[in-house]
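Report on the following structure.
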Amino acid sequence: MTLLFGKYRGKVKGNQDPMLMGRLQVTAPQALGDAQVWALPCAPFAGSGVGFFALPPEGANVWVEFEGGNPEAPIWSGCFWGIGEWPPAMALPQTKVIKTDTLTVTLSDLPGAGGITLETADGKKIVLNAQGIEINDGMGGTIKLVGPKVSVNDGALEVI
Numbered sequence: 009m010t011l012l013f014g015k016y017r018g019k020v021k022g023n024q025d026p027m028l029m030g031r032l033q034v035t036a037p038q039a040l041g042d043a044q045v046w047a048l049p050c051a052p053f054a055g056s057g058v059g060f061f062a063l064p065p066e067g068a069n070v071w072v073e074f075e076g077g078n079p080e081a082p083i084w085s086g087c088f089w090g091i092g093e094w095p096p097a098m099a100l101p102q103t104k105v106i107k108t109d110t111l112t113v114t115l116s117d118l119p120g121a122g123g124i125t126l127e128t129a130d131g132k133k134i135v136l137n138a139q140g141i142e143i144n145d146g147m148g149g150t151i152k153l154v155g156p157k158v159s160v161n162d163g164a165l166e167v168i
């Protein structure tokens, strides 16, 4: 048996694991030729009933490795972007973004402007930061909480 060490560029062919283990069906032509295999995840946090869980979509680029070099024990260890695939977000080290097709979570440690933002593709948004809390329904309805003051729809109703 030829041992395969290192990382190999792969592609997600399927992400619906019938065993519910976070496996992906992947190809890695440089290592496996035309074969499509199930690869176990290498997760940053996992345990019985707990963990970080995020699967890339079909067509995504993934890194494929092999446990102990065994080509029959594939592992997907992460993803990478191709040219032009970088998600639109601030590329600052103080900002962390989790983006799916319809949701964006932004965690910012920017001095004076940091906070948490939750956004949907249809314009709904919740912002929590040092200035206060804002809820926007994406259709003109807003609630802003700043200190003891609550403002509804940009001042249409003020509670102090």
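This note's numbering runs 8 ahead of the 1-based position in the sequence shown.
Glycine residues also receive a C-beta, built at the ideal position from the N, C-alpha and C atoms.
A quick note: this is a predicted structure, and the numbers were derived from the prediction, not measured.
- K21 is positioned such that its CB atom lies closer than 8 Å to that of Q44.
- A distance below 6 Å between beta-carbons, with the five flanking residues on each side excluded, links Q38 to the following residues of its chain, in chain order: Y16.
- Sorting S85, P79, I168 and G77 by C-alpha distance to the C-alpha of A68 places S85 at the top.
- Residues of the same chain with a CB within less than 7 Å of the CB of P52, apart from the 5 flanking positions on each side, are F60 in chain order.
- Nearest Cα to D42 within the set S56, V34 and G155: V34.
- Cβ contact annotation for C50 (same chain, cutoff 6 Å, sequence separation greater than five): I83 and S85, in chain order.
- Judged by DSSP in its simplified three-state form, A164 adopts coil rather than helix or strand.
- Beta-bridge partners of I83 (DSSP): L48 and E73.
- The beta carbon of L28 lies closer than 6 Å to none in the same chain, with the five residues before and after it left out.
- In the DSSP annotation of this structure, the continuous segment of the beta strand (DSSP E) that includes L32 starts and ends at L32 to T35.
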